[in-house]
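Here is the structure we will look at.
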Amino acid sequence: MKQIGFLGLGVMGLPMAINLVKRSGCSVLGYDVLPGQMDAFRAAGGAAAGDPAEIYQSCDIIFQILPTHPIIIHSVEQAIQYGKPGRIVADLSSTAPDIILDLFQKAQAAGMSLVDAPVSGGNPMAEAGTLAIMAGGERDAFETIKPLLSCMGTPVYTGGSASGSVTKLVNNMIGGAVLTAIAEGYAFAAKAGIDLQTTFDATRGGFAGGPLYDNKVPKLIRRDYKPGARIAVHRKDILNAKHYAHRLGVDLPITDVVLHVMDWMADNGHIDEDQIAMVKYYEEKMGVTVGQDSKSN
Numbered sequence: 000m001k002q003i004g005f006l007g008l009g010v011m012g013l014p015m016a017i018n019l020v021k022r023s024g025c026s027v028l029g030y031d032v033l034p035g036q037m038d039a040f041r042a043a044g045g046a047a048a049g050d051p052a053e054i055y056q057s058c059d060i061i062f063q064i065l066p067t068h069p070i071i072i073h074s075v076e077q078a079i080q081y082g083k084p085g086r087i088v089a090d091l092s093s094t095a096p097d098i099i100l101d102l103f104q105k106a107q108a109a110g111m112s113l114v115d116a117p118v119s120g121g122n123p124m125a126e127a128g129t130l131a132i133m134a135g136g137e138r139d140a141f142e143t144i145k146p147l148l149s150c151m152g153t154p155v156y157t158g159g160s161a162s163g164s165v166t167k168l169v170n171n172m173i174g175g176a177v178l179t180a181i182a183e184g185y186a187f188a189a190k191a192g193i194d195l196q197t198t199f200d201a202t203r204g205g206f207a208g209g210p211l212y213d214n215k216v217p218k219l220i221r222r223d224y225k226p227g228a229r230i231a232v233h234r235k236d237i238l239n240a241k242h243y244a245h246r247l248g249v250d251l252p253i254t255d256v257v258l259h260v261m262d263w264m265a266d267n268g269h270i271d272e273d274q275i276a277m278v279k280y281y282e283e284k285m286g287v288t289v290g291q292d293s294k295s296n
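Under numbering that gives the first Met the number 0, the first residue of the sequence shown carries the number 0, and numbering increases by one thereafter.
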């Protein structure tokens, strides 16, 4: 039986790794820099690595979901350096396509495979094991790890290397536009004196409705900005999309608006709040408080 490693046991990684342990029937060796996350993984039946090198040196298949490009690059390069031909590394992070293509070529040169398999759905879907998983890379490598990916969600093969990363950018461009529109629409409703719960009840069955709408609008109404998905993480994907669009020679006018709002959130100290906290931008611009006891300023 192949030894499986999992690097990054954070808000997303921990429930994903736990589902992998419980549903795959395989031994999973996990690592995170935070001891509390390691304790939670161990309590769920996972095996705790002493350091990342233990995973790089011993595992045939390595999953990783890590926060920044430098950490992602270092991790894949270590997996290549200490690995052997046939190893598969699956990057579940939101990684820029250019970086994926470079790492893919390095893995290929060493006789290994890199699958870019970013996920979407946030912590609730990570816990439920129902994430959307967009996987690019060599088809054979994808088929090898597909049963393991299926423990964490629904994997869809998107094509060659970096196609999963580009697909995730599309997902987050659309999601960012929808979230920004929700924030703007509900600030508009509050300014007009319309009850927000009534607005939600009346619109959720129309074209505006959907899983994202149902998840985020109640948080907006409660003014609950505890992050299920942080603006900082989403903004990174928007910046990746802008960078790749520049390479393709195209403009992204709606995405520009989303980035403008996210930049304002960063400049005003709200970057680590939930995405729906972007309503604060519209509160400032419209002179209105949106949510419980909404009122114009």
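In this text, a Cβ means the ideal position worked out from N, Cα and C, and glycines have one as well.
Using alpha carbons as the reference points, say which of the options lies closest to residue i.
| i | options | result |
| --- | --- | --- |
| V256 | V177, L8, L219 and G204 | V177 |
| Q32 | F5, A276 and I17 | The sequence as given places Val at residue 32; Gln does not occur at that position. Closest option to V32, Cα to Cα, is F5. |
| D115 | E126, M124, N122 and L102 | L102 |
| S74 | D59, G85, P84 and I54 | I54 |
| P69 | A46, A95 and Q80 | A95 |
| F187 | A161, G121, H233 and V278 | V278 |
| W263 | L251, G174, G45 and A276 | A276 |
| T198 | P252, L211, G184 and P34 | G184 |
| I173 | I79, A201, P154 and Y212 | Y212 |
Assuming residue i contacts residue j (C-beta within less than 8 Å), just tell me the rounded distance between them.
| i | j | result |
| --- | --- | --- |
| A16 | G29 | 5 Å |
| V27 | I61 | No, V27 and I61 are not in contact; Cβ-Cβ is about 11 Å, not under 8 Å. |
| I237 | L258 | 5 Å |
| M133 | P117 | 6 Å |
| N18 | C150 | 5 Å |
| I300 | S57 | Residue 300 is absent from the structure shown; the chain starts at 0 and stops at 296. |
| N122 | P210 | Not really, about 14 Å apart at Cβ, beyond 8 Å. |
Spatial neighbours of residue i within its chain, please: CB distance less than 7 Å, with the 5 preceding and 5 following residues excluded, ordered by chain position.
| i | result |
| --- | --- |
| G7 | D31, Q63, I64 and L65 |
| S119 | L130, A131, K167 and N170 |
Give the secondary structure of residue i by DSSP, where H, G and I count as helix, E and B as strand, and everything else as coil.
| i | result |
| --- | --- |
| S162 | helix |
| G44 | coil |
| S26 | coil |
| M133 | strand |
| D59 | coil |
| L102 | helix |
| T254 | helix |
| T202 | helix |
| G115 | At residue 115 the sequence reads Asp, which differs from the Gly that was named. Residue state, collapsed to three classes: strand. |
| Q2 | coil |
At the level of alpha carbons, what is the spacing between residue i and residue j?
| i | j | result |
| --- | --- | --- |
| D97 | G82 | 23 Å |
| E282 | K241 | 26 Å |
| N171 | F40 | 28 Å |
| R203 | A228 | 21 Å |
| A180 | I193 | 17 Å |
| G135 | M285 | 43 Å |
| L91 | P84 | 21 Å |
| Q77 | I144 | 20 Å |
| K1 | H269 | 43 Å |
| Q274 | G9 | 18 Å |
Apart from the five residues just before and just after residue i, which ones in its own chain have a Cβ nearer than 8 Å to its Cβ?
| i | result |
| --- | --- |
| R138 | Y156 |
| Y243 | A95, P96, D97, V165 and L168 |
Taking 6 Å as the limit between beta carbons, can you name the residues of its chain near residue i, skipping five residues before and five after?
| i | result |
| --- | --- |
| M124 | L130 |
| A127 | none |
| M11 | I64 and A125 |
| I71 | L65, S92 and T94 |
| M37 | D31 and A47 |
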